[in-house]
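Per this note's numbering, residue 1 is the first one in the sequence shown, and the count goes up by one each step.
Where a beta carbon is used, it is the ideal one built from N, C-alpha and C, also for glycine.
Worksheet for the structure shown next.
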Amino acid sequence: MNSIIRYSLFIVFLISNSLISQTNLRVIDSINSISYQDIVSNLQKYHIIFNDNLRKARESGYQKGIAKSLSNLALVHYLKGDYDESIKYHLEAIELFQKLQMFFELSEEYAEMGYQLKRQNLNRALEFMQKAISIAEENNLPSFRISKIYDNYGVLKEMKQQYDSAFYFYHKALKIKEELKDSIGIPYSLNKIAVLYANLGQFDKAYYYLNKSDLIRAKEQGEFGRIENLSLHADFLSYQNKINGAIKKFEEVFNAAKKINYTYLVLYSLKNLSELYKKKGDYQNALSSYQSYSSLKDSIDNVDIKTRIAQLEIAYETEQKNKLLAESQYQLRSKEQQLFFAIVTVILLLMIFIGVYKFLQLKKKRDIAEVEYKSKLRAAMLEKKISDEKLKLSRELHDNIGSQLTFIISSLENIIYKIPEANFSKALNPIKEFSRSALDDLRNTIWAIKHQEGNLEELSLKVNEFVSRINNSIGAVVIENEFEINKNYSLNSTQMLNLFRIIQEAIQNAVKHSDADKIKINFISNDYGFKVIIKDNGNGFDVVNSSKGSGLCNMQHRCEESGGKFSITSSSAGTEIVCDYQNV
1 MNSIIRYSLF IVFLISNSLI SQTNLRVIDS INSISYQDIV SNLQKYHIIF
51 NDNLRKARES GYQKGIAKSL SNLALVHYLK GDYDESIKYH LEAIELFQKL
101 QMFFELSEEY AEMGYQLKRQ NLNRALEFMQ KAISIAEENN LPSFRISKIY
151 DNYGVLKEMK QQYDSAFYFY HKALKIKEEL KDSIGIPYSL NKIAVLYANL
201 GQFDKAYYYL NKSDLIRAKE QGEFGRIENL SLHADFLSYQ NKINGAIKKF
251 EEVFNAAKKI NYTYLVLYSL KNLSELYKKK GDYQNALSSY QSYSSLKDSI
301 DNVDIKTRIA QLEIAYETEQ KNKLLAESQY QLRSKEQQLF FAIVTVILLL
351 MIFIGVYKFL QLKKKRDIAE VEYKSKLRAA MLEKKISDEK LKLSRELHDN
401 IGSQLTFIIS SLENIIYKIP EANFSKALNP IKEFSRSALD DLRNTIWAIK
451 HQEGNLEELS LKVNEFVSRI NNSIGAVVIE NEFEINKNYS LNSTQMLNLF
501 RIIQEAIQNA VKHSDADKIK INFISNDYGF KVIIKDNGNG FDVVNSSKGS
551 GLCNMQHRCE ESGGKFSITS SSAGTEIVCD YQNV
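In structure tokens, the structure reads:
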């Protein structure tokens with residue numbers, strides 16, 4: 001019993017630890033899935049969060065969580081300008097993704113690192129990009145992810161002035177986006193192809209792809225994409241030295257960008273307008289545009305400085321708050337884990353209690369079954385002993401009393417034969433008949449005692465023997481025995497003897513008292529058992545008013561003792577005795 005409880009508590013400990021561990025892993029995964037937009041919004045905050053997440057993943061030995069935390073830290077350091085730190089975290093993440101055979105993440109990690117290196121080491125960046133594409137294609141990674149890698153690889157090829165390769169990868173990315181019906185991504189690929197053709201002086205092809213992009217962006221809800229395309233149209237006119245057309249387009253870009261506070265294109269359009277007016281010789285507008293550009297840029301720089309100071313203050317406050325929040329979250333998680341462990345412990349202890357209770361109940365049932373078995377065994381042994389005694393008794397009755405009665409009958413017959421005087425013979429005949437009747441009764445008793453178990457058919461055969469003797473000795477009465485049983489019911493020795501005695505008593509009463517000339521015995525089946533009916537056509541008697549003699553009482557007692565229901569009806573047409581056995 002103690003070993004069961006110890007084992008159950010050990011199981012409780014293992015299960016609760018496993019569940020707590022699973023909860024911690026889910027928290028690590030949720031932090032690693034924070035979006036790019038959120039990370040960019042507060043680099044300092046997420047630098048702290050991802051460092052803490054990396055520590056927890058390492059403490060848990062959660063390799064996937066470690067790798068993704070390293071990847072996120074690489075991104076944060078790149079956005080902060082810590083390029084050496086970024087490369088260090090990228091390489092650690094790549095090593096772990098390779099070990100875990102997480103090829104999707106491995107490919108993206110190589111691609112991200114390659115794109116980030118494009119201005120520091122272009123050749124090294126191309127190597128990482130090639131590695132990313134190779135892994136992605138070999139492992140059949142999702143095409144919408146591969147298209148992003150192809151696009152970025154095209155940018156690197158363009159920077160390397162390998163224009164054919166740049167066109168190849170831009171078109172490859174475009175094909176994937178068109179197959180996926182990516183209406184947002186398609187214009188970006190079209191514009192990259194258009195700009196490359198424009199840089200090569202192939203403006204017919206450049207306008208072909210830019211116009212296709214215009215058609216898609218005309219269906220977009222926002223103005224952002226359309227203004228970018230308008231800016232490209234202005235650039236293309238400027239590249240072709242169509243100064244008046246370019247000025248007109250850049251003024252459109254300036255007005256549209258200003259409406260949606262798209263500061264980058266506002267500055268870009270003012271700077272280009274200043275240069276175009278200068279080329280045209282319109283120095284007043286050139287100066288005005290440049291002054292607007294400088295003024296806006298200075299104000300943005302001032303705002304950036306103030307914003308940066310504010311961000312640093314916020315970052316410091318956020319760090320302090322995050323520490324407090326982390327502590328409170330840790331305490332909350334600790335309490336939740338304790339509560340969870342307590343609940344699991346209670347549940348499992350309840351299960352142990354139920355298990356022990358069921359075990360004790362089962363043991364109790366087994367003990368009861370064992371007692372019942374021993375009781376039945378003792379009863380069987382006792383019954384066998386009784387059976388042996390009955391057999392011994394039947395042999396004693398047969399060998400001693402039976403032989404003595406037989407000797408008396410034989411002696412009386414010899415006396416009657418040798419001394420034929422009428423009066424003397426007449427006096428001895430009743431003694432002879434009584435002795436013969438006693439011998440018959442003794443034989444019937446011995447027959448019933450010997451039969452430990454029997455059936456109705458055997459009883460009917462014994463009744464036939466008795467009826468045959470009566471018919472032979474009493475010619476004036478006809479006795480019939482009809483057996484109408486469709487199932488051979490089993491009877492024990494008590495039932496066999498009692499039924500035989502009831503039939504015997506009923507026939508003797510009919511012969512002696514009713515003046516009947518016909519007696520009928522019926523064994524009849526019904527839906528719930530069987531009946532034994534003894535019916536005569538004698539004078540009958542008043543059952544209600546007459547006192548029951550010992551014969552009737554004996555019959556009723558024998559019927560009920562053997563499990564039957566006794567009934568008697570009598571009229572001038574005769575008497576009917578029924579012993580009804582139900583549910584046998």
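| Check | Outcome |
| --- | --- |
| C-alpha gap between F224 and A136, whole angstroms | 32 Å |
| Q582 - DSSP class collapsed to helix/strand/coil | strand |
| Neighbourhood of F466 by C-beta distance below 7 Å, restricted to the same chain and skipping five residues each side | Q504 |
| R595 classed as buried or exposed, judged by whether at least 16 other C-beta atoms fall within 10 angstroms | No statement about residue 595 is possible, as the shown extent of the chain runs from 1 to 584 and does not include it. |
| Rounded separation between I568 and H513 - CA only | 16 Å |
| In DSSP terms, what E484 is bridged to | I524 |
| Short Cβ contact (7 Å threshold) for S69 with F50 | yes |
| Cβ pair Q556, F566 closer than 7 Å | yes |
| Close beta carbons around M159, own chain, < 7 Å, minus the five adjacent residues each side | K118 and L122 |
| Segment contact flag, the region 231 to 248 with the region 268 to 278, C-beta cutoff 8 Å, min 3 pairs | yes |
| Assigned secondary structure, I577 (DSSP; H/G/I helix, E/B strand, else coil) | strand |
| Cβ-based burial, S189 [other Cβ within 10 Å; buried from 16] | buried |
| Nearest-angstrom Cβ-Cβ length linking I521 and E482, presumed shorter than 8 Å | 7 Å |
| Residues that V532 bridges to, as DSSP identifies them | F523 and C579 |
| Per-residue DSSP class, three states only, for L491 | strand |
| Whole-Å CB distance - D536 paired with I519, under 8 Å assumed | 5 Å |
| Cβ pair count under 8 Å reaching 3, the region 74 to 87 against the region 105 to 120 | yes |
| Selected residue, minimal CA-CA separation from F588, among N191, L491, I28 and I146 | For residue 588 there is no data in the structure shown, the boundaries of the chain being 1 and 584. |
| According to DSSP, residues forming a beta bridge with E179 | Looking at the DSSP assignment, E179 forms no beta bridge with any residue, so it has no partner. |
| A218 CB to nearest heavy atom of the ligand FMN below 6 Å | Absence of the ligand FMN from the depicted structure is noted, as is the absence of any ligand whatsoever, leaving it without description. |
| Which of helix, strand or coil DSSP assigns to I474 | coil |
| CB contact flag (I524, E480, <7 Å) | no |
| Cross-strand partners of T569 (DSSP beta bridge) | E576 |
| Spatial neighbours of S570 in its chain, beta-carbon cut-off 8 Å, leaving aside the 5 residues before and after | G540, F541, D542, V543 and E576 |
| N130 versus E108, F144 and Q120, residue with shortest Cα-Cα distance | Checking the sequence shown, residue 130 turns out to be Gln, not Asn. Answer by Cα proximity: E108. |
| The beta strand (DSSP E) enclosing N455, as first and last residue numbers | E453 to N455 |
| CB of Y150 within 7 Å of CB of A132, strictly | no |
| Continuous alpha helix (DSSP H) stretch holding Q44: start and end | L43 to S60 |
| Status (buried if at least 16 other CB within 10 Å, exposed otherwise) for A229 | The amino acid at residue 229 is misidentified as Ala; the sequence shows Asn. Buried, since its Cβ has 16 or more Cβ neighbours within 10 Å. |
| Buried/exposed call for S572, threshold 16 Cβ in 10 Å | exposed |
| C-beta atoms of E457 and N488 nearer than 7 Å | yes |
| C-alpha distance - F359 paired with E372, whole-angstrom precision | 20 Å |
| Classification of N199 by the beta-carbon crowding that lies within 10 angstroms, buried from 16 upward | exposed |
| Cβ-based burial, Y357 [other Cβ within 10 Å; buried from 16] | exposed |
| Residue burial classification, L142 (beta-carbon count within 10 angstroms, cutoff 16) | In the sequence on display, residue 142 carries Pro and not Leu. When all chains shown are included, P142 counts as exposed. |
| Start-to-end residues for the alpha helix (DSSP H) that takes in A516 | Run containing A516: none; DSSP gives neither H nor E here. |
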